[in-house]
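Participant: In the working numbering, the protein residues as written are 5 to 290.
For every residue, glycine included, the Cβ atom is placed at its ideal position computed from N, Cα and C.
#1: Would you list the one or two residues that DSSP bridges to residue 22?
#2: Using CA atoms only, rank isn't needed, just tell me which of 201, 183, 228 and 32 is closest to residue 191.
#3: Taking contact to mean at least 3 C-beta pairs separated by less than 8 Å, is the segment 16 to 30 in contact with the segment 236 to 246?
#4: Check for me: the beta strand (DSSP E) holding residue 225 runs from which residue to which?
#5: Do the segment 73 to 86 and the segment 51 to 61 make contact, defined as three or more Cβ pairs closer than 8 Å?
#6: The alpha helix (DSSP H) that contains residue 217, what's its start and end?
#7: Where residue 334 and residue 69 are concerned, what is the direct C-alpha to C-alpha distance, given to the nearest angstrom?
#8: Just grab the DSSP bridge partners of residue 164 for me.
#9: May I have the straight-line CA-CA distance separating residue 169 from residue 43, to the nearest angstrom?
#10: Pairing CB atoms from the segment 123 to 138 with CB atoms from the segment 106 to 113, are three or more of them under 8 Å?
#11: Judging by CA-CA distance, which residue of 224, 186 and 223 is the nearest neighbour of residue 89?
#12: Can you list, in chain order, the residues of its chain whose CB lies under 8 Å from that of residue 154, leaving out five sequence neighbours each side?
#13: Closer than 8 Å by C-beta to residue 34: which residues in its own chain qualify, once you throw out the five before and the five after it? Chain order, please.
#14: Please report the straight-line C-alpha distance between residue 174 and residue 180, rounded to a whole angstrom.
#15: At what residues does the alpha helix (DSSP H) containing residue 173 begin and finish?
#16: How should residue 238 be labelled, buried or exposed, when 16 other C-beta atoms within 10 angstroms of its C-beta is the threshold for buried?
#17: Which stretch, first to last residue, makes up the alpha helix (DSSP H) that contains residue 134?
#18: Using 9 Å as the threshold, is the C-beta distance between residue 226 and residue 29 below it?
#19: Hey, residue 132 and residue 124: beta-carbon distance below 9 Å or not?
#20: Can you grab the Cα-Cα spacing for the pair residue 194 / residue 136, in whole Å?
#21: Express the C-alpha separation of residue 99 and residue 257 in angstroms, rounding to a whole number.
#22: If I measure Cβ to Cβ from residue 211 and keep anything under 8 Å in the same chain, skipping five residues before and after, which residues do I get?
#23: What residues match up with residue 43 in a beta bridge as DSSP calls it?
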């Protein structure tokens, strides 16, 4: 359980985190790239677009898009050519997973095209696709029933999975449909998931690994109970977020408080009367 924080946005923790849903705002997913000075534009519908300075990486945050692909990120060798790789997170995908992707993207973009256009290579020390799966295996995810042409792995509760499709794929369909090389999802069915994310064949392994590390992180996510899906609420563990206690005063705080008190209140005095006082002694007889 994470430590209480005054900035926590929610009244419950959702565990496991893959049963949470998206947050109401997308700023956390945009911030890592905006911090690099990427150019931000909006259209008349309220969609947001981020462009890298060299115009070779673009992000679209599309609440008013044509489908449920809320986040679309593409990279290019030529700004006017087809994308080299593309990733998509749908409108229910937890925003923290998108933020993990864009944070890693900011890192590799700073390193240059050799990093943000790094094609996965089997057997490579730092570009082998298996490196993106390793965080899941290390945290107890299990290899699913083998299927022809698909490597699948599931979370311990069986309510999240990752699929890696082998063989040749249509590059255009990878960018526009769920028929992509990588698909990560949660729910009771991959055909009707709680949320999903996809990535095309040449998506850099460093970006994929950042997402799988975030998805498999054992720490729960804060959410508002009213925003949780009804069926997810029955499967997920919801723990109330206890309001943080005020911090205990330090010796310096006590000293400063004493210095602010009026002098009359800091001197000791004897109460004139109390319910525990002894009865007054009788006076002299006349």
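Facilitator: With the structure as the only source:
#1: According to DSSP, which records beta bridges pairwise, residue 22 is partnered with nothing at all.
#2: 201
#3: yes
#4: 225 to 227
#5: yes
#6: 209 to 219
#7: Any answer about residue 334 is impossible in this case: the structure gives the chain only from 5 up to 290.
#8: 190
#9: 34 Å
#10: no
#11: 186
#12: 167, 168, 169 and 170
#13: 44, 52, 54, 63, 65 and 106
#14: 10 Å
#15: Note, residue 173: premise wrong, no alpha helix (DSSP H); not H, not E.
#16: exposed
#17: 134 to 142
#18: no
#19: yes
#20: 20 Å
#21: 39 Å
#22: 91, 105, 108, 109, 112 and 203
#23: 55
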